[in-house]
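Worksheet for the structure shown next.
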Amino acid sequence: MGLAMSTPVDEMDGPYKRRWAALGVLCISLLIIVMANTSLTVAAPDMVKDLGLGSSDLQWVIDGYTVPYAALMLILGAVGDKYSRRGALVLGLFVFGAASVAGSLVDSSGGVIAARAVMGVGAAMIMPATLSLLAATFPREERAKAITIWTATAGLAIAVGPLVAGALLEDHGWASTFLINVPIAALGIIGALALVPPSKATGVDKIDYVGGLLSVVWVGSLIYMIIEGPHFGWGAKAVAAAVIAGVGLVLFVLWELRHPRPVLDVRRFTRRAFAGSTMAVALFFLAVFGAFYYLTQHLQFVLGYSPLDTGVRMLPLAGAVFVGGALTAVLTPKVGMKATVAFGMTVGTVAIALLARVDETSTYDDFVLPLIILGLAIGLSLSPCTNAIMGSFPEDQLGVGGAVNSTSIEMGGSLGIAILGTVLAKTYSSNLGDAAAEAAAAGGPKLPEKALSVAQDSVGAGLAVAKEVGKQVAAGAAPKVGPEKAAALGAQQAQAVVEAVHKSFADAVAHTSVIGAVVLGVGTVLVAFLLPGRKAQAAPPAPAEAGSEERVDEKV
């Protein structure tokens, strides 16, 4: 017997004995590709200083990873199904690790963006492979439990990313947040070869490359539009992307409806369980990623926590995800998937709504309960939905099923950051403008128009402007009142600006949370309407014809 695991599960006598160890490998692989985004939000300030990044550069350093990641998952999932799911995982980990090394070595914004884009290509191979290998490795009666652990790992990565990045940035530069991926990717490759059984679909003659290409076009254009429009304005690029996405989607649907073996049978979206589960995943990550986007900023810029301290304070969310996932094993068999998912989404709506109480006097204690409730909601909602999505695909399309689930996550997350991030930015800018006008009307010092414009760009920029204003006031007053009084006047003026920035951002967080809660609340009603009840789920499927692509596995 060689070092690599060579026997497929369907050739074994009974369940694979080391399947839980194999799941650990799959979860490690999932961990690093989710952490790649959440950790970068903490490393971004150091990158801005070292590389001189502008706001546009920084946005694409973050989102250059997301576009290829989301756009390529469907076609790469299909390729993995046909040729080798484990091969896709190993190749993806290699590409991801190599691009991480390149990203740590470059010294320009273009170089980092290119490295992040290649990391996204690697992630697009890894993500669908983890779910398809999980489904192929575990017997059906254990899949729900394994998927719960997989989902909990994704929730853990959301919180652990800032923690790991913060710990690294204590003693090392931003490049360390790239390099940390390398040993984990190497461990994943070794573990995949040694512990994960090989797997591929049987009876797949050809891949629908035209449908795959159309999916790349419309998904990639849609994600680009979501990023470009809200952040940089609805100019020619964003409008062109929107048109391409719309035309590409129509062509994709028409092609898939006519193709004898489509890369994705779009008729599946007419099934309530599949459509409801996909919608639930997208909506949930819209709310979660949007909330995470402004929570990490509030903890760092308003409450003054370091990156490491911020990561530590996000851990209650991670722990609660595991608890919520464990609860699904009890609730789903008793009350059914529909009730469990609807309850989880309702709990998530409550968590986001609780953040509407945030103001400039709020402390970390005010965030603990919403974080715990949000973690519980993630575990309760996502595990059953992921299981339902994977159960909607036949054994020869598990990679495509994993890609659909993961693409829903990425689309939801991108929409969350775009929509809620835009609401946050506009509300903060308006609040700060009003605060500056009120201060001037009350007889206080007027903030220069140029400085106000810079401060309105972001909470970080606002705090930087406060420091600069304090220095300028001190320098101007020193010849008149002496250095000590001038320094006191400068500090007083700087503190006034800081307080205005903090209040403006805290109020923006509260307002954005209301919007997020409304979106998730409406989504909860839609999902509850779409998902079938227990009787519909329990009904036995009609016998499938030989060679049919359909498989029903509603027992989630």
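Quick note, the sequence shown lines up with residues 1478 to 2033 if you use this note's numbering. We put the beta carbon where it would ideally sit given N, CA and C, even for glycine.
Quick check: the Cα distance between Arg1834 and Leu1633, rounded to an integer number of angstroms? Straight-line Cα distance between these residues: approximately 26 Å.
Just to confirm the assignment, what range does the alpha helix (DSSP H) spanning Gln1970 have? Run containing Gln1970: 1960-2007, per the alpha helix (DSSP H) assignment.
Between Gly1597 and chain C, is there a C-beta pair that is closer than 9 Å? In the structure shown, chain C cannot be found, because there is only a single protein chain.
Beta-carbon contacts of Leu1763 that lie in its chain and below 6 Å, excluding the five residues immediately before and after: The beta carbon of Leu1763 sits closer than 6 Å to those of Gly1889, Leu1892, Gly1893, all from its chain and outside the five residues before and after it, given in chain order.
Could you give the first and the last residue of the continuous alpha helix (DSSP H) run that contains Arg1617? Judged by DSSP secondary structure, Arg1617 falls within the alpha helix (DSSP H) whose first and last residues are 1617-1648.
Starting from Glu1488, trace the alpha helix (DSSP H) in both directions and tell me its first and last residue. Here Glu1488 belongs to no alpha helix (DSSP H), and DSSP marks it neither H nor E.
Measure the Cβ-Cβ separation of Asp1873 and Val1681 and say whether it is below 9 Å. Closer than 9 Å, so yes.
Entirely within the segment 1778-1842 and at least 4 residues each: give me those alpha helix (DSSP H) ranges in chain order. Runs of the alpha helix (DSSP H) inside the segment 1778-1842: 1784-1790, 1792-1812, 1814-1831.
Can you give me the C-alpha to C-alpha distance between Ala1994 and Ala1830, rounded to a whole angstrom? Computed Cα separation, rounded: 5 Å.
On the CB-based measure, 16 or more other CB atoms within 10 Å of its CB, does Arg1563 come out buried or exposed? It counts as buried.
Distance CB(Met1602)-CB(Leu1656) smaller than 9 Å: The beta carbons of Met1602 and Leu1656 sit no closer together than 9 Å.
Quick test of the definition: if touching needs 3 or more C-beta pairs under 8 Å, does the segment 1751-1769 touch the segment 1487-1502? Output reads no: the segment 1487-1502 does not touch the segment 1751-1769.
Own chain residues within Cβ distance below 7 Å of Leu1857, not counting five before or after: Counting only Cβ-Cβ distances below 7 Å, and skipping sequence neighbours, we find Gly1801, Leu1804, Thr1805, Thr1817, Phe1820, Gly1821, Val1824.
Quick check on Pro1707: does DSSP put it in helix, strand or coil? Reduced to three states, the DSSP call for Pro1707 is helix.
Endpoints, alpha helix (DSSP H) assigned at Arg1745: Following the DSSP letters along the chain, one finds Arg1745 in no alpha helix (DSSP H), marked with neither H nor E.
Pairwise C-alpha distance: Pro1960 and Ile1703: Put simply, the backbone Cα of Ile1703 is about 50 Å away from that of Pro1960.
Could you compute how far the alpha carbon of Thr1625 sits from the alpha carbon of Glu1647? C-alpha separation (whole angstroms): 33 Å.
From Ala1985, Gly1689, Val1740, Asn1864, residue whose alpha carbon lies closest to that of Ala1750: Ranking Ala1985, Gly1689, Val1740, Asn1864 by Cα distance to Ala1750 puts Asn1864 first.
So is Asp1584 buried or exposed if we call it buried at 16+ other beta carbons inside 10 Å? Looking at its Cβ environment, which holds fewer than 16 other Cβ atoms inside 10 Å, Asp1584 is exposed.
On the CB-based measure, 16 or more other CB atoms within 10 Å of its CB, does Arg1617 come out buried or exposed? With fewer than 16 Cβ atoms within 10 Å of its Cβ, Arg1617 is classed as exposed.
How would you call Lys1683, buried or exposed, if buried means at least 16 neighbouring beta carbons within 10 angstroms? Within 10 angstroms of the beta-carbon of Lys1683 lie fewer than 16 other beta-carbons, which makes it exposed.
Under the assumption that Gly1597 contacts Gly1788 (Cβ atoms under 8 Å), give the Cβ distance between them as a whole number of angstroms. The Cβ separation is near 23 Å, so there is no contact.
CB-CB under 7 Å to Leu2003, same chain, minus the five flanking residues each way: which ones, in chain order? If we look at Leu2003 and ignore the five residues flanking it on each side, its Cβ neighbours are Met1756.
Would you kindly work out how many angstroms separate the C-alpha atoms of Ala1880 and Ala1669, rounded to a whole number? The alpha-carbon atoms of Ala1880 and Ala1669 are separated by roughly 19 Å.
Check whether the segment 1542-1556 and the segment 1687-1700 touch, using three or more Cβ-Cβ pairs below 8 Å as the test. Taking 8 Å as the limit for Cβ pairs, the verdict is that the segment 1687-1700 does touch the segment 1542-1556.
For Arg1744, is the classification buried or exposed, using 16 other Cβ atoms within 10 angstroms of its Cβ as the cut-off for buried? Classification for Arg1744: exposed.
Exposure of His1649, with buried meaning 16 or more beta-carbon neighbours within 10 Å: Flag for His1649 reads exposed.
In whole angstroms, what is the alpha-carbon distance linking Gly2000 and Ala1987? Rounded to the nearest whole angstrom, the CA to CA distance from Gly2000 to Ala1987 is 20 Å.
Ala1652 beta carbon less than 9 Å from that of Ala1513: A distance of 9 Å or more separates the beta carbons of Ala1513 and Ala1652.
Tell me whether Gly1564 sits in a helix, a strand or coil according to DSSP, three-state version. The answer is helix: DSSP assigns Gly1564 an H, G or I state.
Is it buried or exposed for Gln1972, if we count other Cβ within 10 angstroms and need 16 for buried? Result: exposed.
Check the C-beta distance from Gly1554 over to Lys1815 and give it rounded, since I have them as a contact under 8 Å. Going by Cβ atoms, the distance from Gly1554 to Lys1815 rounds to 27 Å, so no, they are not a contact pair.
Can you give me the Cβ contacts of Val1693 inside the same chain, cut-off strictly under 7 Å, excluding the 5 residues immediately before and after it? Once the five neighbours on either side are set aside, the close Cβ partners of Val1693 are Ala1548, Leu1549, Ile1552.
Residue range of the alpha helix (DSSP H) that includes Pro1522: Pro1522 -> alpha helix (DSSP H) spans 1517-1528.
At which residues does the alpha helix (DSSP H) containing Glu1733 begin and terminate? Where Glu1733 is concerned, the enclosing alpha helix (DSSP H) starts and stops at 1713-1735.
Which runs of the alpha helix (DSSP H) fall wholly inside the segment 1899-1941 and span at least 4 residues, in chain order? Unbroken alpha helix (DSSP H) runs of no fewer than 4 residues, entirely contained in the segment 1899-1941, are found at 1926-1932, following chain order.
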